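Engineer:
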Amino acid sequence: MADKKIKIIIAKPGLDGHDRGAKVVARALVEAGMEVVYLGLRQTPESIVNAALEEDADVVGLSILSGAHMTHFKRVKELMDKNGLGDRLLTGGGIIPTKDQDKLKELGVGKVFGPGDDLQAIVDYIRTWRGSGGA
Amino acid sequence: MRTGASIGRSLGPKLWDDFFKGSRLACARLITLVENFPESVPEIRDKLIPRQKGAIRVGITGPPGVGKSTVTAALARRAVKAGHTVGIIAVDPTSPFTGGAFLGDRVRMQSLIGDPHIFIRSMASRDGHGGLSPSTPYVADVFDAFGMDRIFIETVGVGQAELDVLTCADLIVLVLQPATGDIIQALKAGIIEAADLLLINKSDLSGTESLLESFRFLFEISARPKAIAAPPVLTASALHNKGLDEVYKEVEQLIHGHVESGRIREKKRLRLEGEMKSSVLQDLWGRFSALTNAPEEMRTAAEDLLKNGRSPYPFIRNLCARITMEIRDERTNRKDHG
Ligand SMILES: Nc1nc2c(ncn2[C@@H]2O[C@H](COP(=O)(O)OP(=O)(O)OP(=O)(O)O)[C@@H](O)[C@H]2O)c(=O)[nH]1
Ligand SMILES: [Mg+2]
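Top line first, the protein sequences correspond to chains H and L. So the first sequence is numbered by the numbering used here: it starts at 1 and just counts up by one. So the second sequence is numbered by the numbering used here: it starts at 1001 and just counts up by one.
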């Protein structure tokens, strides 16, 4: 069977800020041939997971700059598991200290990227995840 | 792991069971299958179609940025309030350069999220050239069998070629906005003739009145047969939630009228006939190509015709005659062996 295109949700949970970063990443993923469902600002974990479910997305990417990453990632991951999306990749970006990154990993969240990371690294990471057998 | 193969395997009794029990995840997965694996479509539709209840498919089309998504959300909300269950298919363009797609229609549909009576699915247009993806009608089939009775299909905003929607929708709403200068664009598209309802959105912007005036003039001079009434033209401001009750009411009235008059049934029948015809042609061509080397011959013939400045009709006639012969031979063979 032909390989399916990667479908990815990009969302910005919480009430903070702008979505410039999220848009830049979304664009890079589109340029890499992926299908990006863009949700934009002010998303709740419920609205994100609802979209992931309806879209049957392979990957959910969160952009969080507010510092509330632990709460958001944890809640989204819980809801994904609860809704039968436990085999999908939850990843994202923001300013996230190393110790938090480790904790997120324990929760089952994939790699999270920082502002200094190369866009190509994100593309490669998602492709590798998909190619190597998933989460 | 979610590779093509594992998705293929997931088309088992469990998925169907879940789907008919109303699992939204199963519905989403089935859509993924029809969207990505054309070879699985016949098997899936065999099961879906007997369960369909004839949902009304409303196409929402029009140039980029006129407010199709905002209007779709507004209509969906009203449909749910009136007791309907709604499926939304929102198509955005695939980049011809990268094959990727930025699917942004959900941004305008925020207020619907979480409503258990609404299911939104974004789609990239992929190989479709007329504003939809080739698998869009099948996604509507999934929604119909899932129990939705109103399906809104938002096309890509491509200006002049959203005609795919004709082959997929029971009712067509053409959304336009003022200040686009004139109606020449819409005229070129040819879609005005096909629209059941014209909606001038963004009526908060200036120019609405003059666009309305152009339409009145257009329908006065139009050579439509008298039996086909000019479509209603309404104005609304989806952003400010103005005029949409009227639009919704008109849509439902049109649906009702077209159901009563048999027009929707006629459209569904024509679509089915069209589908059969193209499937049969495709199948025949596939078999003929496999039996002969017709594609190769065509290539040679085309080069030859170009070089010598000749008309292609003799070649076409010859090829058609051979197709007829192949069919006859096959029939005789079958009689001999069976
Ligand atoms: N002024 C005004 N703006 C509106 C109105 N309705 C929608 N918009 C705005 O128009 C822009 C495009 O709206 P969409 O609903 O995304 O338009 P669309 O036709 O779906 O766009 P595409 O899918 O990209 O072709 C958004 O910024 C909306 O907020 C309206 O009634 N008045
Ligand atoms: Mg839109």
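Ideal Cβ positions, reconstructed from N, Cα and C, are used throughout, including at glycine. Predicted model only: the values in this text are computed from it and were never measured.
1) Here's a check: name, in chain order, each residue in its chain whose Cβ is nearer than 7 angstroms to the Cβ of residue 15 of chain H, leaving out the five neighbours to either side.
2) Return the residue from the list L:1212, L:1087, L:1134 that minimises the CA-CA distance to residue 1150 of chain L.
3) By Cβ distance below 7 angstroms, which residues in the same chain neighbour residue 1304 of chain L in space, the five residues on each side in sequence not counted?
4) Applying the 10 Å Cβ sphere with the 16-neighbour rule, what's the burial state of residue 1178 of chain L?
5) Taking 7 angstroms as the CB-CB cut-off, is residue 1028 of chain L touching chain H?
6) Any heavy atom of ligand 2 closer than 6 angstroms to the CB of residue 1111 of chain L?
7) Got a sec? Which residues, its chain only, sit under 7 angstroms from residue 1288 of chain L by beta carbon, not counting five neighbours each side?
8) Under 8 angstroms between beta-carbons, which chain H residues line up against residue 1102 of chain L? List them in chain order, please.
9) Using three-state DSSP, classify residue 1045 of chain L as helix, strand or coil.
10) Beta carbon of residue 1122 of chain L: closer than 6 angstroms to some heavy atom of ligand 2?
11) Assign residue 98 of chain H to buried or exposed, taking buried as 16 or more other Cβ atoms, counted over all protein chains shown, within 10 Å of its Cβ.
12) Quick test of your reading: residue 1198 of chain L and residue 1176 of chain L, contact by CB under 8 angstroms. State the CB separation rounded to the nearest angstrom.
13) Taking C-beta pairs closer than 8 angstroms, name the residues in chain L that residue 68 of chain H reaches, listed in chain order.
14) Terminal residues of the continuous beta strand (DSSP E) containing residue 1088 of chain L?
15) I need the boundaries of the alpha helix (DSSP H) containing residue 85 of chain H, first residue and last residue.
16) Against chain H, with Cβ distances strictly below 7 angstroms, would residue 1197 of chain L count as a contact?
17) Which word fits residue 1260 of chain L, buried or exposed, when buried means at least 16 other C-beta atoms lie within 10 angstroms of its C-beta?
18) Does chain L have any CB closer than 7 angstroms to the CB of residue 4 of chain H?
19) Rounded to whole angstroms, what is the Cα-Cα separation between residue 1030 of chain L and residue 1140 of chain L?
20) Within 7 angstroms of any Cβ in chain H, is that where the Cβ of residue 1227 of chain L sits?
21) Can at least three beta-carbon pairs, one atom from the segment 1238-1249 of chain L and one from the segment 1068-1086 of chain L, be found at a separation below 8 angstroms?
22) Three Cβ pairs or more, each shorter than 8 angstroms: is that satisfied between the segment 1083-1097 of chain L and the segment 1115-1135 of chain L?
23) Thinking C-alpha only, which one of H:102, H:128, H:131, H:127 is nearest residue 69 of chain H?
24) If we define contact as Cβ-Cβ less than 7 angstroms, is residue 1120 of chain L a contact residue for chain H?
25) State yes or no: is the C-beta of residue 10 of chain H within less than 7 angstroms of the C-beta of residue 28 of chain H?
26) What are the partner residues of residue 1124 of chain L, as DSSP defines its beta bridges?
27) Got a sec: is the Cβ-Cβ distance from residue 1049 of chain L to anything in chain H below 7 angstroms?
28) Use the C-beta contact count for residue 1276 of chain L: other C-beta atoms within 10 angstroms, 16 or more gives buried, fewer gives exposed.
29) Taking 7 angstroms as the threshold (beta carbon to beta carbon), is residue 1056 of chain L in contact with chain H?
30) Return no unless some Cβ of chain L is closer than 7 angstroms to the Cβ of residue 142 of chain H.
31) Cutting at 7 angstroms between CB atoms, please list the residues of its own chain near residue 118 of chain H, excluding the five before and the five after it.
32) Taking Cβ-Cβ distances shorter than 7 angstroms, what residues in chain H pair up with residue 1124 of chain L?
33) Regarding residue 1133 of chain L and ligand 2, is the C-beta to nearest heavy atom distance less than 6 angstroms?
34) Under 7 angstroms, Cβ to Cβ, is there at least one residue of chain L near residue 17 of chain H?
35) With a cut-off of 7 angstroms, does the C-beta of residue 47 of chain H fall near any C-beta of chain L?
36) Considering Cα atoms alone, identify which of L:1045, L:1251, L:1236 is closest to residue 1144 of chain L.
Structural biologist: Reading from the atomic positions:
1) Here the question's residue 15 of chain H lines up with position 15 in the first sequence. Counting only Cβ-Cβ distances below 7 angstroms, and skipping sequence neighbours, we find 42.
2) On the second sequence, residue 1150 of chain L is found 150 positions in, with the first residue counted as 1. That would be L:1087, whose Cα lies nearest to the Cα of residue 1150 of chain L.
3) The count along the second sequence starts at 1 and reaches residue 1304 of chain L at position 304. Contacts found: none.
4) What you label residue 1178 of chain L is simply residue 178 of the second sequence in a count that begins at 1. Counting Cβ neighbours within 10 Å, residue 1178 of chain L comes out buried, since at least 16 surround it.
5) Taking the first residue of the second sequence as 1, we reach residue 1028 of chain L at position 28. For residue 1028 of chain L, the answer is yes, since a Cβ of chain H falls inside 7 angstroms of its Cβ.
6) Your numbering for residue 1111 of chain L matches position 111 in the second sequence. Checking every heavy atom of ligand 2 against the Cβ of residue 1111 of chain L, none is found closer than 6 angstroms.
7) In the second sequence, the residue the question calls residue 1288 of chain L occupies position 288. 1294, 1323, 1326, listed in sequence order.
8) Start at 1 with the first residue of the second sequence, and residue 1102 of chain L comes out as number 102. In chain order: 26, 27, 30, 36, 38.
9) Residue mapping note: residue 1045 of chain L aligns to position 45 of the second sequence, counting from 1. Residue 1045 of chain L falls in the helix class under three-state DSSP.
10) Translated into positions along the second sequence, residue 1122 of chain L becomes position 122. It does not: the Cβ of residue 1122 of chain L is nowhere closer than 6 angstroms to a heavy atom of ligand 2.
11) As a working mapping, residue 98 of chain H is identified with position 98 in the first sequence. It is exposed - the Cβ of residue 98 of chain H has fewer than 16 other Cβ atoms within 10 Å.
12) Indexing the second sequence from 1 puts residue 1198 of chain L at position 198. Indexing the second sequence from 1 puts residue 1176 of chain L at position 176. Confirmed, about 7 angstroms.
13) One-based indexing of the first sequence puts residue 68 of chain H at position 68. Under the 8 angstroms cutoff, chain L gives no residues; its nearest Cβ is about 20 angstroms from residue 68 of chain H.
14) Position 88 of the second sequence, counted from the start, is the residue given in the question as residue 1088 of chain L. First-last of the beta strand (DSSP E) with residue 1088 of chain L: 1086-1092.
15) Numbered from 1 along the first sequence, position 85 holds the residue referred to as residue 85 of chain H. Note, residue 85 of chain H: premise wrong, no alpha helix (DSSP H); not H, not E.
16) To locate residue 1197 of chain L, count along the second sequence from 1; it is residue 197. Chain H, which has no Cβ nearer than 7 angstroms to the Cβ of residue 1197 of chain L, makes this no.
17) Here the question's residue 1260 of chain L lines up with position 260 in the second sequence. The residue is exposed, with fewer than 16 neighbouring Cβ atoms inside 10 Å.
18) Translated into the one-based positions of the first sequence, residue 4 of chain H becomes position 4. Residue 4 of chain H counts as touching chain L.
19) As a working mapping, residue 1030 of chain L is identified with position 30 in the second sequence. As a working mapping, residue 1140 of chain L is identified with position 140 in the second sequence. Each residue's Cα considered, the two are about 11 angstroms apart.
20) By one-based count along the second sequence, residue 1227 of chain L stands at place 227. Note that residue 1227 of chain L scores 49 on pLDDT, short of 50, meaning its location in the model is unreliable and no value can be drawn from it.
21) yes
22) yes
23) Along the first sequence, one-based indexing puts residue 69 of chain H at 69. Nearest option by C-alpha distance: H:102.
24) Start at 1 with the first residue of the second sequence, and residue 1120 of chain L comes out as number 120. Yes - at least one Cβ of chain H is within 7 angstroms of the one on residue 1120 of chain L.
25) Against the first sequence, residue 10 of chain H aligns to sequence position 10. Against the first sequence, residue 28 of chain H aligns to sequence position 28. Cβ distance not < 7 angstroms, so residue 10 of chain H and residue 28 of chain H don't count as in contact.
26) On the second sequence, residue 1124 of chain L is found 124 positions in, with the first residue counted as 1. In DSSP, residue 1124 of chain L forms a bridge with L:1092.
27) Residue mapping note: residue 1049 of chain L aligns to position 49 of the second sequence, counting from 1. No, residue 1049 of chain L lies away from the interface with chain H (no Cβ there is under 7 angstroms from its Cβ).
28) Your numbering for residue 1276 of chain L matches position 276 in the second sequence. Label assigned to residue 1276 of chain L: exposed.
29) Taking the second sequence and counting its residues from 1, one reaches residue 1056 of chain L at position 56. No, because no Cβ of chain H sits closer than 7 angstroms to the Cβ of residue 1056 of chain L.
30) Because residue 142 of chain H is not part of the residues shown, which for chain H are 1 to 135, the question remains open.
31) Counting from 1 along the first sequence, the entry for residue 118 of chain H is found at position 118. Same-chain partners within the cutoff: there are none.
32) By 1-based counting over the second sequence, the position of residue 1124 of chain L is 124. Under the 7 angstroms cutoff, chain H gives 35.
33) Numbered from its first residue, the second sequence carries residue 1133 of chain L at position 133. No - ligand 2 has no heavy atom lying nearer than 6 angstroms to the Cβ of residue 1133 of chain L.
34) Along the first sequence, one-based indexing puts residue 17 of chain H at 17. Answer no: the Cβ-Cβ gap between residue 17 of chain H and chain L never drops below 7 angstroms.
35) Indexing the first sequence from 1 puts residue 47 of chain H at position 47. Output row for residue 47 of chain H: interface = yes.
36) Looking up residue 1144 of chain L in the second sequence gives position 144. For residue 1144 of chain L, the nearest C-alpha among the options comes from L:1045.
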